[in-house]
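In our numbering, the protein residues as written are 12 to 754. First the structure, in the form of structure tokens, and then the observations on it.
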């Protein structure tokens with residue numbers, strides 16, 4: 012053996028049940044060859060990758076360290092393709108030997124369970140034990156090799172039993188809860204025939220399928236049996252208890268370590284480790300659960316819940332909030348380190364410039380920046396003094412236990428755009444932290460940000476002047492605050508081009524409201540508008556403010572500023588329409604939206620806001636229709652609020668005691684658009700609202716909006732907007748909030 016080897020596992024969300032099992036197998040095998048193991052993992056977001064969580068994923072910069080002798084890349088744990096690509100790019104630059112686990116990356120030697128064989132065995136069970144012949148398969152994306160591998164296992168079982176295979180019985184999903192829920196709704200709402208059994212290619216989809224079916228009154232397994240795959244360990248949180256198949260994650264971890272260790276040391280790579288899985292009986296197929304298995308799962312679940320509850324009921328957060336120095340903070344963490352079970356050591360590694368303002372990002376640090384390691388707890392020695400070391404080393408040599416190999420988990424410590432460093436959790440046996448550590452670490456990171464702000468003089472001065480920059484009614488920026496934010500961002504990004512959208516409100520004029528009701532109503536309108544516009548702005552990486560009582564402004568810095576202004580106006584208009592329709596307001600009578608773009612060197616943002624605000628006010632004052640047209644206004648208000656009801660010119664003429672021809676002529680004179688085209692425009696506006704605020708499919712949107720058929724709807728929609736419905740949804744749906752929860 013070669014003592015002192017360091018094997019690094021690059022994974023995501025290490026606390027997830029399946030990753031914990033893989034890591035425990037990897038650690039036990041590494042210890043058997045006297046090698047240390049380092050685990051690099053983000054901790055919260057496994058499926059997302061955006062600017063808000065960049066610093067969480069900066070932990071993967073540690074791959075650049077020279078301490079590794081080889082790397083294991085857990086491909087299946089990286090659900091976001093962009094993050095996976097960025098991580099593999101760093102791995103490639105390291106020049107270290109690599110073994111990939113899971114679905115596999117063609118660049119690396121890979122090891123995986125025979126997932127196709129596992130799925131075949133599950134299908135065999137449904138056919139041979141339960142006698143089912145009508146079985147659907149819910150698998151992952153259609154372009155995923157792993158999805159197709161599992162589908163092939165399902166197919167081979169059917170054909171071996173003389174059951175014809177149909178591609179229609181294979182449902183392609185996303186390996187996540189969403190596709191399980193969607194499939195269940197298709198069954199419940201009879202868009203898809205309910206089979207005798209559904210085989211789900213992982214447990215997450217199976218959980219969502221079962222939960223949704225049961226909520227719709229479909230009995231499991233009486234009406235349909237369900238089987239999962241992978242045995243993630245969360246069965247006791249769902250009903251009925253899922254029948255599943257345990258993917259042998261431990262065996263996979265062991266085999267990956269042996270293959271990598273053999274490559275590092277030039278040994279034969281044969282490995283006798285068995286990676287075959289096993290059936291885990293439950294109630295969802297009718298077999299009934301094994302009491303001993305359930306007892307083990309419940310005990311583990313109770314342990315995790317207990318330690319997580321300590322973070323909620325303990326005094327850690329209060330003690331950390333009181334800290335005024337790093338020493339205070341470390342002492343508070345020490346007193347509460349028992350919140351994390353089974354560890355042999357816990358260390359906080361802070362970058363020297365962690366408390367420097369402006370934001371301490373990975374890009375602003377040099378690769379050799381000094382780091383200081385604070386011992387929170389160590390079962391082998393007294394509390395050590397802080398140790399300075401190079402980040403390239405990952406951890407100081409003092410942390411290694413010469414008498415026994417160790418596992419070092421490195422997890423990021425960050426707060427938004429502040430990258431403080433990382434926490435090291437050390438184990439001297441095969442183990443991995445659970446969900447409780449994630450809560451503990453989040454509390455510690457928040458405390459570090461609070462401590463940084465306490466010692467940041469410029470921040471304290473800003474706090475004193477906070478009211479100068481905020482609108483007290485909405486919590487948004489006021490004009491001064493908005494311009495200040497834009498100015499800082501423009502300077503930091505070296506960007507002169509900008510886009511601005513102004514929303515100007517008039518008074519609510521509905522006569523059926525009393526004076527008190529109008530005040531209450533306008534307050535609600537103010538609050539909901541602020542939430543919607545800020546959600547749109549921040550989801551696009553822009554800015555939002557209330558510049559006076561009736562005016563809101565959203566803005567962005569953009570290379571193609573003119574096009575961005577059009578997009579911003581469109582997003583604002585359609586989301587506001589949803590609000591107006593729900594509140595039964597004739598929005599076009601009380602609000603004007605204007606947008607424009609500019610260059611700070613030619614026209615300041617302040618000047619552009621003033622110009623657009625004046626334009627809105629001019630338009631608001633000009634929308635005054637003669638009293639004799641009141642009937643037409645009321646008629647159009649009804650179309651605006653209910654465009655799906657297919658208004659008719661003949662009926663309108665009868666109500667107004669005029670001919671349909673005269674009605675059409677006057678309508679066009681008042682509103683500067685023909686009656687027919689206006690009806691199509693308003694139907695399309697409603698369709699836009701449904702597309703950006705619901706998950707309804709295109710056919711349902713078409714029907715909801717009163718179009719004759721899907722084809723006609725798509726033709727008219729593209730003619731009016733320039734987009735197909737799906738293109739529009741992708742471009743303008745606001746992911747910052749669920750619009751239905753606001754309006």
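In this text, a Cβ means the ideal position worked out from N, Cα and C, and glycines have one as well.
- Under the 8 Å Cβ criterion, the region 203–210 counts as touching the region 140–149, having at least three qualifying pairs.
- Residue 276 and residue 110 have their alpha carbons spaced roughly 14 Å apart.
- By alpha-carbon distance to residue 328, the top candidate from 721, 79 and 343 is 343.
- In the three-state DSSP reduction, residue 275 falls in the helix class (H, G or I).
- Nearest to residue 356 by C-alpha distance, out of 384, 79 and 335, is 384.
- Scanning its chain for C-beta atoms nearer than 6 Å, with the 5 sequence neighbours on each side dropped, one finds around residue 591 the residues 598, in chain order.
- Within the model, the alpha-carbon separation for residue 571 versus residue 493 is close to 21 Å.
- Assignment of residue 707 by DSSP, reduced to helix, strand and coil, places it in the coil class.
- Using a Cβ distance threshold of 8 Å, residue 51 and residue 70 count as a contacting pair.
- Under the three-state reduction of DSSP output, residue 302 falls in the helix class.
- Among the bridge pairs identified by DSSP, residue 423 is matched with 433.
- Secondary structure at residue 674: helix, using DSSP grouped into helix, strand and coil.
- At the C-beta level, residue 643 and residue 681 come within 8 Å of one another.
- Of all alpha-carbon atoms in 684, 272 and 244, the one lying nearest the alpha-carbon of residue 45 is that of 272.
- By the CB criterion at 8 Å, residue 36 and residue 263 fall inside the cutoff.
- Listed as beta-bridge partners of residue 211 by DSSP are 149.
- Every beta strand (DSSP E) stretch that sits fully inside the region 198–249 and reaches 3 residues is listed by chain position as 208–211 and 236–238.
- Inclusion of residue 448 and residue 88 in the CB contact set at 8 Å is not warranted, their separation being larger than that value.
- Residue pairing by DSSP puts residue 399 in a beta bridge opposite 383.
- Contact between residue 258 and residue 288 holds: CB atoms are separated by about 5 Å, below the 8 Å threshold.
- Here the alpha carbons of residue 621 and residue 600 stand approximately 22 Å from one another.
- With respect to the 8 Å criterion, residue 406 and residue 435 are classified as neighbours on the basis of their beta carbons.
- Taking one beta carbon from each stretch, the region 549–567 and the region 708–723 have fewer than 3 pairs nearer than 8 Å; the two do not touch.
- By the C-beta criterion, the region 691–710 is judged to be in contact with the region 578–585, since at least 3 inter-stretch pairs fall below 8 Å.
- Here residue 692 has 684 and 731 as same chain residues with Cβ atoms under 8 Å from its own Cβ, once five neighbours each way along the sequence are excluded.
- Short of 8 Å from the beta carbon of residue 100, and not among the five residues preceding or following it, lies no beta carbon of its own chain.
- Where residue 337 is concerned, the enclosing alpha helix (DSSP H) starts and stops at 337–346.
- The residues 47 and 417, in chain order, have a CB closer than 7 Å to that of residue 411 in the same chain once the five nearest residues on each side in sequence are set aside.
- As summarised for the region 588–657, the continuous alpha helix (DSSP H) elements at least 4 residues long and confined to that stretch are 616–633 and 641–652, given in chain order.
- Taking the CA atoms as reference points, residue 483 sits about 11 Å from residue 560.
- For residue 136, the closest C-alpha among the options 238, 182, 575 and 509 is that of 238.
- At least 8 Å separates the beta-carbon of residue 497 from that of residue 480.
- The beta carbon of residue 337 sits closer than 8 Å to those of 361, 385 and 462, all from its chain and outside the five residues before and after it, given in chain order.
- Residue 89 sits in coil when the DSSP states are folded into three classes, being neither helix nor strand.
- Comparing alpha-carbon positions, the option among 612, 714, 456 and 404 lying closest to residue 427 turns out to be 456.
- The Cβ-Cβ distance between residue 424 and residue 409 does not fall below 8 Å.
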